[in-house]
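**Q**
Residue numbers (my numbering), protein chains in the order written: chain A, 1 to 138; chain B, 1001 to 1434.
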């Protein structure tokens, strides 16, 4: 399914990541999945939260630069080869992936994989046509 | 239009001999009447009779802004106080104010310089000059006022501020020439638009703008907003006020009224005089000033004297639009850099706010200067992709390299993270122990 991801620009300075989590905590926003793309000079923090709208408000109030991006979230089984199967499906259908990250939902049962794909509408179609569109509650 | 062809178009040789005669007289006057200068000259072993040609000016001591502060209020007076008819003062944001005390002749020379300035922008007695420089101790208001009176134009002495009345006067009295700071000119045009007045329809024809640094880009903006020609003018309280130099219709460089105020360019580090065409610190000697004459006053403004003759017919030399102040000059690996150059370069890059901080340090290993430029990311241009952000950073580094000639490491920082100050913004942190 389609999910709203929040990206936050982090300059390379001590305590910036801690500050993001601190303001989200203070605002009662729960982090559901998280990944950092880092370079030597700066980082881009990407998060999935339970309440994106609220999170954006809180972050902007704290002067963080944010951007929301629609990504695909797909629930897969927590077993060998699950991700390989989904990626094979994307490959066959020509869905280009820009990046992905994963979170375990229930250990031994399911995991959630977040895909940033080049063409979201087509990606969504492929996912739905192949029974991978189980709603994910963040 | 040339206000005073006799002096402004004088044959160069005649001008130099006039300058020399005036310089000689000046040195005699200050040696006799100003203990401060007599002591300085004595300490250097220079007597007035040692000045035998114009080039001998290099034998004379400099006068610094600090000298003006330590002699506050009347320490540099060269005439009895009864001869003084007016006092002006610089704003003195950084300490003790500096004073300019004028005799009637000084006011006349000032009016003359400013009349030439306004005429350079095409002013005649048929014009209506709206003078939105502040009146008071600041020289901008009264200097422009005296110049306009001398030209015989109709002057509206409205002073600065009161936007609605400014626009009302423009409309009702059909102002043709505006005199104010460049930023106020832009502000007024915006205010007009907000009030549904088309600034280009008000009939304004030209503006004389100065008293603060501005750029060629800003000139274009002002000219477009008002549909006028915007002229850069230069002056400083210490010397007289506005009217020291001004642009003609060529709008390239400002003609120095050098029969009154003699310019030199020096190397700010060594004090050595530089030839015309070379960039350095502008130094001015007030050739005819009576009240508070100054010898070789270091303006701290960086410019060069344009070698080429101007097409307008004036023979007075021009100084280039100012590059900055010696106080701001940063020398990074031997390359002169002014923070204002960085700002100009940043304005032209998409996706970047011109909020920046330069951190200069010297590497303990290589002993080379290293400059890091912190630039705030514009939230509207923030991309979720590291490659986009890296390409933005590379683009800024490329522009700095090509425009300033130095390698700067660019660090993208969060918006609003560079400290804003209410007064002068801190743009440079120099950690070098030089």
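Idealized CB from N, CA, C, for every residue including glycine. Quick caveat, the model's predicted, so the values are computed rather than measured.
1. Measure the alpha-carbon distance for residue 13(A) versus residue 1427(B) and round it to whole angstroms.
2. Report yes or no: is there a C-beta of chain B within less than 8 Å of the C-beta of residue 63(A)?
3. Looking at chain D, which residues of the region 3-34 of chain A have a Cβ within less than 7 Å of any of its Cβ atoms?
4. Mind pulling the chain A residues with CB within less than 8 Å of residue 1377(B)?
5. Which residues in chain B sit within 7 Å of residue 95(A), going by Cβ to Cβ distance?
6. Taking Cβ positions only, does residue 1413(B) come closer than 8 Å to chain A?
7. Among all the DSSP beta bridges, which residues are the ones paired with residue 36(A)?
8. Do you know offhand how far residue 1140(B)'s Cα is from residue 1337(B)'s?
9. Taking C-beta pairs closer than 9 Å, name the residues in chain B that residue 134(A) reaches, listed in chain order.
10. What's the gap between the Cα of residue 1237(B) and the Cα of residue 1099(B)?
11. Could you tell me the boundaries of the alpha helix (DSSP H) in which residue 123(A) lies?
12. By Cβ distance below 8 Å, which residues in the same chain neighbour residue 1314(B) in space, the five residues on each side in sequence not counted?
13. Provide the residue(s) that pair with residue 7(A) in DSSP beta bridges, ordered along the chain.
14. Check the Cβ-Cβ distances between residue 1422(B) and every residue of chain A, and say whether any is below 8 Å.
15. Quick one: residues in its chain with C-beta nearer than 6 Å to the C-beta of residue 65(A), no 5 flanking neighbours on either side, listed in chain order?
16. Out of 1375(B), 1225(B) and 1016(B), which has the shortest C-alpha to C-alpha gap to residue 1205(B)?
17. Residues in the same chain with beta-carbon distance under 6 Å from residue 1233(B), minus the five sequence neighbours each way, listed in chain order, please.
18. Taking the Cβ atom as the reference point for each residue, do residue 1062(B) and residue 1283(B) lie within a distance shorter than 8 Å?
19. Using a Cβ distance threshold of 8 Å, determine whether the region 1295-1308 of chain B contacts the region 1263-1273 of chain B, with at least three qualifying pairs required.
20. Could you tell me whether any Cβ in chain B is nearer than 8 Å to the Cβ of residue 36(A)?
21. Confirm, please, whether the CB-CB distance from residue 1144(B) to residue 1162(B) is below 8 Å.
22. Check for me: the alpha helix (DSSP H) holding residue 1170(B) runs from which residue to which?
23. Which bits of chain B does residue 44(A) rub up against, with CB to CB less than 9 Å?
24. Taking only the alpha-carbon atoms, compute the straight-line gap between residue 109(A) and residue 118(A) and give it to the nearest angstrom.
25. Using a Cβ-Cβ distance under 8 Å, would residue 119(A) count as near chain B?
26. Below 7 Å on C-beta distance, what does residue 1416(B) contact in chain A?
27. Going by beta-carbon coordinates alone, are residue 78(A) and residue 100(A) separated by less than 8 Å?
28. Tell whether a beta-carbon distance below 8 Å holds between residue 1103(B) and residue 1085(B).
29. If contacts are defined as beta-carbon pairs under 8 Å, then residue 1156(B) and residue 1175(B) qualify, I think. What distance do you get, rounded to the angstrom?
30. Closest to residue 1235(B) by CA distance: which of 1127(B), 1043(B), 1110(B) and 1136(B) is it?
31. With DSSP run on the structure shown, which of helix, strand or coil describes residue 1293(B)?
32. From the beta carbon of residue 41(A), is the nearest beta carbon of chain B less than 8 Å away?
33. Quick one: what's residue 1208(B) bridged to in DSSP?
34. On the criterion of 16 or more Cβ atoms from any shown chain inside 10 Å, does residue 1032(B) qualify as buried, or is it exposed?
35. Any idea if residue 1053(B) is buried or exposed, counting beta-carbon neighbours within 10 angstroms, 16 or more meaning buried?
36. For residue 1048(B), which residues from the same chain have a beta carbon less than 6 Å from its beta carbon, with the 5 sequence-adjacent residues on both sides left out?
**A** The relevant details are as follows:
1. What you label residue 13(A) is simply residue 13 of the first chain in a count that begins at 1. What you label residue 1427(B) is simply residue 427 of the second chain in a count that begins at 1. So the two alpha carbons sit approximately 19 Å from each other.
2. Indexing the first chain from 1 puts residue 63(A) at position 63. Residue 63(A) counts as touching chain B.
3. Protein chains in the displayed structure are A and B, and chain D is not among them.
4. Your numbering for residue 1377(B) matches position 377 in the second chain. Residues of chain A passing the Cβ test: 9 and 65.
5. Translated into the one-based positions of the first chain, residue 95(A) becomes position 95. Ordered by position in chain B, no residue passes the 7 Å Cβ test against residue 95(A), which lies about 17 Å from the chain.
6. The sequence position of residue 1413(B) within the second chain is 413, counting from 1. So yes, residue 1413(B) belongs to the interface.
7. By 1-based counting over the first chain, the position of residue 36(A) is 36. For residue 36(A), which the question treats as bridged, DSSP gives the partners 45(A).
8. Sequence index remark: in the second chain, residue 1140(B) carries index 140 (1-based). Sequence index remark: in the second chain, residue 1337(B) carries index 337 (1-based). Approximately 29 Å between the Cα atoms of the pair.
9. Here residue 134(A) refers to the residue found at position 134 of the first chain. By Cβ distance, chain B contributes nothing, its closest Cβ being about 25 Å from residue 134(A), past 9 Å.
10. Residue mapping note: residue 1237(B) aligns to position 237 of the second chain, counting from 1. Residue mapping note: residue 1099(B) aligns to position 99 of the second chain, counting from 1. Distance between the alpha carbons of residue 1237(B) and residue 1099(B): 8 Å.
11. Taking the first chain and counting its residues from 1, one reaches residue 123(A) at position 123. 120-129 is the span of the alpha helix (DSSP H), which, as asked, contains residue 123(A).
12. The residue labelled residue 1314(B) in the question sits at position 314 within the second chain. Result list for residue 1314(B): 1002, 1008, 1009, 1248 and 1255, in chain order.
13. Here residue 7(A) is taken as the residue at index 7 of the first chain, counted from 1. In DSSP, residue 7(A) forms a bridge with 46(A) and 67(A).
14. Mapped onto the second chain, residue 1422(B) falls at position 422. For residue 1422(B), the predicted model reports a pLDDT of 45, less than 50, meaning its position is unreliable and no value from the coordinates is stated.
15. Taking the first residue of the first chain as 1, we reach residue 65(A) at position 65. Here the set comprises 9.
16. On the second chain, residue 1205(B) is found 205 positions in, with the first residue counted as 1. Closest option to residue 1205(B), Cα to Cα, is 1225(B).
17. Translated into positions along the second chain, residue 1233(B) becomes position 233. 1117, 1208, 1210, 1242 and 1246.
18. Counted from its first residue, the second chain places residue 1062(B) at position 62. Counted from its first residue, the second chain places residue 1283(B) at position 283. Going by C-beta atoms, residue 1062(B) is nearer than 8 Å to residue 1283(B).
19. Taking one beta carbon from each stretch, the region 1295-1308 of chain B and the region 1263-1273 of chain B have 3 or more pairs nearer than 8 Å; the two touch.
20. In the first chain, counting from the first residue as 1, residue 36(A) sits at position 36. Cβ-Cβ to chain B under 8 Å: no for residue 36(A).
21. Taking the second chain and counting its residues from 1, one reaches residue 1162(B) at position 162. Taking the second chain and counting its residues from 1, one reaches residue 1144(B) at position 144. For residue 1162(B) and residue 1144(B), no; Cβs fall outside 8 Å.
22. For this step, residue 1170(B) is matched to residue 170 along the second chain. First-last of the alpha helix (DSSP H) with residue 1170(B): 1163-1173.
23. Walking along the first chain from the start, residue 44(A) turns up at place 44. Those are 1382, 1383, 1384, 1385, 1386 and 1389, listed as they occur along chain B.
24. If you number the first chain from 1, residue 109(A) lands on position 109. If you number the first chain from 1, residue 118(A) lands on position 118. Their Cα atoms are separated by approximately 29 Å.
25. Translated into positions along the first chain, residue 119(A) becomes position 119. For residue 119(A), the answer is no, since every Cβ of chain B falls outside 8 Å of its Cβ.
26. As a first step, residue 1416(B) is located in the second chain; it is residue number 416 there, counting from the start. Per Cβ cutoff of 7 Å: 63.
27. In the first chain, counting from the first residue as 1, residue 78(A) sits at position 78. In the first chain, counting from the first residue as 1, residue 100(A) sits at position 100. Remark: C-beta atoms of residue 78(A) and residue 100(A) do not approach each other more closely than 8 Å.
28. Taking the second chain and counting its residues from 1, one reaches residue 1103(B) at position 103. Taking the second chain and counting its residues from 1, one reaches residue 1085(B) at position 85. Yes, the Cβ-Cβ distance between residue 1103(B) and residue 1085(B) is below 8 Å.
29. As a first step, residue 1156(B) must be located in the second chain, where it is residue number 156. As a first step, residue 1175(B) must be located in the second chain, where it is residue number 175. Indeed they touch by this definition, with Cβ atoms about 7 Å apart.
30. On the second chain, residue 1235(B) is found 235 positions in, with the first residue counted as 1. That would be 1110(B), whose Cα lies nearest to the Cα of residue 1235(B).
31. Taking the first residue of the second chain as 1, we reach residue 1293(B) at position 293. If DSSP states are grouped into helix, strand and coil, residue 1293(B) belongs with coil.
32. Residue numbering aside, residue 41(A) sits at position 41 when the first chain is read from its first letter. True, the Cβ-Cβ gap to chain B drops below 8 Å.
33. Working through the second chain from its first residue, we reach residue 1208(B) at position 208. DSSP output for residue 1208(B) lists 1179(B) and 1231(B) as bridge partner(s).
34. Numbered from its first residue, the second chain carries residue 1032(B) at position 32. Residue 1032(B) should be labelled exposed.
35. Sequence index remark: in the second chain, residue 1053(B) carries index 53 (1-based). Exposed, because fewer than 16 other Cβ atoms sit within 10 Å of the Cβ of residue 1053(B).
36. Position 48 of the second chain, counting from 1, holds the residue named residue 1048(B). Here the set comprises 1027, 1028 and 1031.
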